[in-house]
Every structure is written in C-alpha cells, then in structure tokens.
Amino acid sequence: MKKVAFVCVHNSCRSQMAEGWARKLGKGIIDVYSAGTEEYHEIKPLAVEVMKEIGIDLQGQYSKQLGDIPVPDILITMGCGAECPWIPNEHREDWGLDDPSGKSIEAFRLTRDLIKEKVTQLLERIESGDLK
Numbered sequence: 001m002k003k004v005a006f007v008c009v010h011n012s013c014r015s016q017m018a019e020g021w022a023r024k025l026g027k028g029i030i031d032v033y034s035a036g037t038e039e040y041h042e043i044k045p046l047a048v049e050v051m052k053e054i055g056i057d058l059q060g061q062y063s064k065q066l067g068d069i070p071v072p073d074i075l076i077t078m079g080c081g082a083e084c085p086w087i088p089n090e091h092r093e094d095w096g097l098d099d100p101s102g103k104s105i106e107a108f109r110l111t112r113d114l115i116k117e118k119v120t121q122l123l124e125r126i127e128s129g130d131l132k
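Residues in the sequence shown are numbered from 1 upward in steps of one, following the UniProt record's numbering.
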C-alpha cells in the first residue's frame, strides 16, 4: 500500500479534510496521513462540522507536523504555498485549493466537495498505476 500525505501550512483545514476523505474512500488502497509545516493548536471547527455533515468524523484527528508522520510515497500539498522541506517521495503534486478559513460555512462545503473530487481522482490514478 502506498503512503499518501496531505500537507498544508497548519494542518487545520484542507489537509485534515483530505485525510478524512482518503481514509473513507481509500480504505485498503492507501495509508493516509496529513501534516503541516508549522505548528497549530486545532482543526478548524467549520472543517469538522462540514465533514460531519457527510458522515466523516474528524474528532479523532489532530494537527501534526511533518516530523510526526512517516515519509510518504505520494506527497500532496493543498495550494497554501506550503514550502515543504525536501521529503523523499515517488510523486508530488499541488492541488491549488483556496483556504476557506475565515469564510462562510458554504466556502468550507465547497472546499470539502472539491477535495472529495481530487481524492477520488487520486485514488483512481493510484489503482491504475498512472500518477502522471
């Protein structure tokens, strides 16, 4: 199984939602992690709320830093300008997602749904062996 890491600056919103989706949709396909490049104290409450709306509970997740997770095979940055230190990996890409922090719950829902699309596409590429 491939190890996939979703990385953001604070690991408090987009990367946490991606981890939640990937755990649900990628069960048996990938090992999934998320982390931030800077320390942060919590997951954004609206991120937790919008994921709970679709049956994914982020309550057991917490903000982590890169050193807290295994070295990934696949590294996904979320579009937050996260400058990751060089981390060995087989594949790296940036998803270019706007940060909904400080915006309405609708912005969080839109981000949640975009992340689901991207996680689904990533899983399809992993299963087919095509990550280009």
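Ideal placement from N, C-alpha and C gives every residue a C-beta, glycine not left out. Keep in mind that this is a model prediction, so the values were computed, not measured.
Determine the direct distance from the alpha carbon of residue j to that of residue i, and round the result to whole angstroms.
i      : j      : result
Ile126 : Val4   : 10 Å
Ala107 : Asp68  : 29 Å
Ser128 : Lys2   : 13 Å
Leu46  : Gln121 : 25 Å
Trp86  : Leu66  : 11 Å
Gln16  : His91  : 20 Å
Leu114 : Asn89  : 24 Å
Glu19  : Val32  : 6 Å
Lys64  : Phe6   : 11 Å
Glu124 : Gly102 : 32 Å
Tyr62  : Glu117 : 23 Å
Can the beta-carbon of residue i be found less than 8 Å from the beta-carbon of residue j?
i     : j     : result
His56 : Trp95 : Checking the sequence, you will find Ile at residue 56 rather than His. Not in contact: Ile56 and Trp95 (Cβ atoms no closer than 8 Å).
Met78 : Leu97 : yes
Val9  : Glu38 : yes
Ser12 : Lys52 : no
Tell me the residue span of the beta strand (DSSP E) that contains residue i.
i     : result
Lys24 : Lys24 -> not in any beta strand (DSSP E); alpha helix (DSSP H) instead, spanning Arg14 to Leu25.
Could you please give the first and the last residue of the uninterrupted alpha helix (DSSP H) stretch that includes residue i?
i      : result
Glu117 : Ile105 to Ser128
Lys52  : Pro45 to Glu53
Kindly identify the DSSP beta-bridge partner or partners of residue i.
i     : result
Glu93 : Ile76
Ile30 : Lys2
Gly36 : Cys8 and Gln65
Any Cβ of chain D within less than 8 Å of the Cβ of residue i?
i      : result
Leu123 : Considering every chain present, this structure includes no chain D. It has just one protein chain.
CB of residue i to nearest heavy atom of the ligand FAD: below 7 Å?
i      : result
Lys118 : The model depicted lacks the ligand FAD and carries no ligand whatsoever.
Decide if the region 107-118 is in contact with the region 27-38; the criterion is three or more beta carbon pairs, one per stretch, under 8 Å apart. Short answer: they don't touch.
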